[in-house]
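Residue numbers (our numbering): 1 to 586.
A short write-up of the structure that comes next.
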Ligand code: ACM
Ligand code: ZN
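Put into structure tokens, the structure is as follows:
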């Protein structure tokens with residue numbers, strides 16, 4: 001097994017290896033090797049670095065739409081057909097019209113997979129460093145690559161893959177994508193497939209836990225598919241959610257019979273409550289990996305399940321760690337080291353509930369992370385913070401002390417060839433967000449002709465006139481979200497006739513998060529709330545492939561006797577978002 005040139009044991013002096021009884025038994029790091037393939041040498045190196053800081057689980061997101069990464073002897077087509085794709089750039093490939101997989105020898109083929117032999121070696125090496133490798137095999141969603149390789153597992157096999165006939169290969173293409181990435185839960189062949197895959201997975205990975213995904217299934221075909229309808233009839237339900245519950249519970253029970261415990265993403269908590277499915281799943285056989293709202297962890301704990309806390313707001317290492325304009329393109333969000341370090345895995349939990357928290361995990365999704373160097377840049381130092389929380393919990397040092405230690409450790413890591421983020425030159429939060437802004441509309445009532453999204457309420461009806469500007473993340477509770485079509489229409493009531501010389505507001509964009517500038521924006525002003533004078537009327541061309549950016553729309557002039565300021569905006573497509581934080585009137 002290849003080693004780093006210099007041992008990383010020095011880390012033990014600053015960020016000690018797991019102490020006698022660490023605060024949490026699960027101190028994890030997830031690396032998504034599907035969206036981008038990373039060489040085995042990279043994974044070995046991360047084992048060294050992570051072990052040095054006291055991480056004891058490396059969760060590999062081995063399979064997803066972007067490529068199947070593990071050799072499966074029973075189904076060679078998974079790797080011959082869907083471990084390579086035609087384009088490395090995420091936006092060009094995923095968002096593009098002609099998303100295709102290809103064979104390894106196709107011109108420009110991008111991807112790769114790990115042989116079982118290689119994975120076995122990694123498992124052994126990691127074990128020698130105190131790290132368990134936890135494999136994840138996703139189901140039933142995020143499975144585009146599975147149904148491209150094995151179209152018979154799709155609800156509508158005949159509609160799915162256009163296999164390019166052999167000998168007529170266009171650049172070696174073997175298949176295009178369906179519009180849904182879910183396997184068919186009504187098809188027995190799906191269970192046979194995953195069980196055969198998992199038999200090989202278990203043979204390679206001795207981990208007590210096997211992760212089976214369970215997140216973000218679109219279920220688009222599960223109402224129209226004959227097999228799905230038949231399964232619903234047997235279950236006595238018309239609810240397609242029951243099909244997800246059925247699949248997860250059946251696979252969990254099967255894995256338990258093989259002597260393994262299961263981890264799944266928090267979506268499966270819904271399925272545990274589903275009364276249509278009577279497949280028993282004991283609480284200690286299924287652990288929930290929390291990635292969305294921490295409140296769901298308490299729900300799972302209420303049903304006696306253990307949880308691993310990895311909420312995106314604190315643990316998603318694919319988010320920007322510093323001012324976006326200074327950083328490589330990221331998927332969105334804003335998660336500086338200080339915020340990771342502020343994470344409390346026990347937030348709002350009673351002491352009884354806390355007993356069910358196995359631990360914490362940092363997750364590195366890699367849509368926009370193409371190289372090992374970039375992956376390290378996103379992992380470190382933020383994994384140091386996760387490790388510290390995992391080892392010491394609430395007894396960890398103050399932020400100031402931690403930051404000083406982290407700076408020293410980063411210096412050493414860099415000397416060892418780890419491409420860590422330059423914490424010493426961090427810019428920090430968005431300047432506009434650092435102090436309140438004074439203007440004439442602060443405290444003014446806002447009338448919503450169209451509602452804001454219940455998912456991004458920020459501070460509710462006071463958001464746009466509370467004097468508080470947003471940070472770099474649309475999820476920071478200062479940015480308010482509006483979704484789909486003519487979604488933004490608000491009127492600020494200044495309360496009395498007012499002289500104005502400026503109206504301005506910012507919008508955020510990040511195409512990876514489906515956040516765009518307003519396709520059209522209208523700002524108008526009125527004395528009586530009926531007759532409006534147009535101040536700004538502007539259309540903005542939709543930019544694709546753009547990281548987090550901001551744009552201010554403003555009017556400057558001179559008007560007297562204005563009481564109402566109206567802002568109307570359009571987000572063109574279904575599921576496209578507008579985010580704004582404050583309507584400034586001067
Ligand atoms: C996830 O981020 N979809 C688990
Ligand atoms: Zn189906």
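Backbone N, C-alpha and C define an ideal beta-carbon position, used for all residues, glycine too.
Does residue i pass the burial test, meaning 16 or more other C-beta atoms within 10 Å, or should it be called exposed?
i           : result
residue 496 : exposed
residue 571 : buried
residue 95  : exposed
residue 551 : exposed
residue 391 : buried
residue 128 : exposed
residue 207 : buried
residue 395 : exposed
residue 22  : buried
residue 310 : buried
residue 580 : buried
residue 588 : As displayed, the chain neither begins before 1 nor continues past 586, which places residue 588 out of reach and without an answer.
Relative to the ligand ZN, is the shortest distance from any of its heavy atoms to the C-beta of residue i smaller than 6 Å?
i           : result
residue 181 : no
residue 29  : no
residue 225 : yes
residue 184 : yes
residue 102 : no
residue 228 : yes
residue 155 : yes
At a threshold of 6 Å, does residue i count as lining the ligand ACM (C-beta to nearest heavy atom)?
i           : result
residue 587 : Lying outside 1 to 586, the shown extent of the chain, residue 587 is not represented and no answer is given.
residue 592 : This structure gives no information on residue 592, because the portion of the chain shown stretches from 1 to 586.
residue 265 : yes
residue 555 : no
residue 514 : no
residue 90  : no
residue 479 : no
residue 291 : yes
Considering just the uninterrupted stretch of the beta strand (DSSP E) at residue i, what are its terminal residues?
i           : result
residue 620 : As shown, the chain starts at 1 and ends at 586. That puts residue 620 outside it, with no answer to give.
residue 136 : 132-139
residue 549 : 549-571
residue 538 : 532-539
residue 335 : It is not in any beta strand (DSSP E) - residue 335 carries neither H nor E in the DSSP assignment.
Since residue i is in the alpha helix (DSSP H), which residue starts that stretch and which ends it?
i           : result
residue 43  : 40-52
residue 351 : 351-354
residue 194 : 188-204
residue 125 : 116-128
residue 32  : Element bounds for residue 32: not the alpha helix (DSSP H) but the beta strand (DSSP E), 26-32.
residue 271 : 268-272
residue 155 : Per DSSP, residue 155 belongs to no alpha helix (DSSP H) and is neither H nor E.
residue 402 : 399-415
residue 79  : 77-82
residue 298 : 295-302
Give me, in chain order, the residues of the same chain whose beta-carbon lies closer than 7 Å to that of residue i; leave out the 5 immediate sequence neighbours on both sides.
i           : result
residue 104 : 84
residue 160 : Note that residue 160 scores a pLDDT of 47, beneath 50, so its modelled location is shaky and nothing firm can be said.
residue 575 : 483, 484, 514
residue 180 : 218, 220, 221
residue 328 : 374
residue 50  : 29, 58, 131, 383
residue 258 : 202
residue 594 : Here the chain covers residues 1 to 586 and nothing more, so residue 594 does not appear.
residue 387 : 15, 27, 53, 54, 55
Which whole-angstrom value describes the C-beta separation of residue i and residue j, a residue pair presumed to lie in contact below a C-beta threshold of 8 Å?
i           : j           : result
residue 193 : residue 150 : 7 Å
residue 26  : residue 359 : 3 Å
residue 232 : residue 242 : 7 Å
residue 279 : residue 198 : Actually they do not touch by this definition, with Cβ atoms about 17 Å apart.
residue 441 : residue 494 : 6 Å
residue 114 : residue 71  : 7 Å
Near residue i, which residues of its chain fall below 6 Å by C-beta distance, leaving aside the five closest residues on each side in sequence?
i           : result
residue 429 : 471
residue 549 : 509
residue 375 : 369
residue 209 : 134, 261, 263
residue 312 : 291
residue 584 : 439, 504
residue 539 : 520
residue 267 : 214, 215
Just to confirm my understanding: we take residue i, look at its own chain, exclude 5 residues before and 5 after, and list those with CB closer than 8 Å. What are they?
i           : result
residue 555 : 502, 503, 504, 523, 535, 536
residue 73  : 116, 200
residue 423 : 337, 381, 403, 406, 407, 410
residue 566 : 489, 490, 491, 492, 522, 523, 524, 525, 526, 532
Is there a Cβ of chain B sitting closer than 7 Å to that of residue i, yes or no?
i           : result
residue 221 : Going by chain labels, chain B is absent from the structure shown, which holds only one protein chain.
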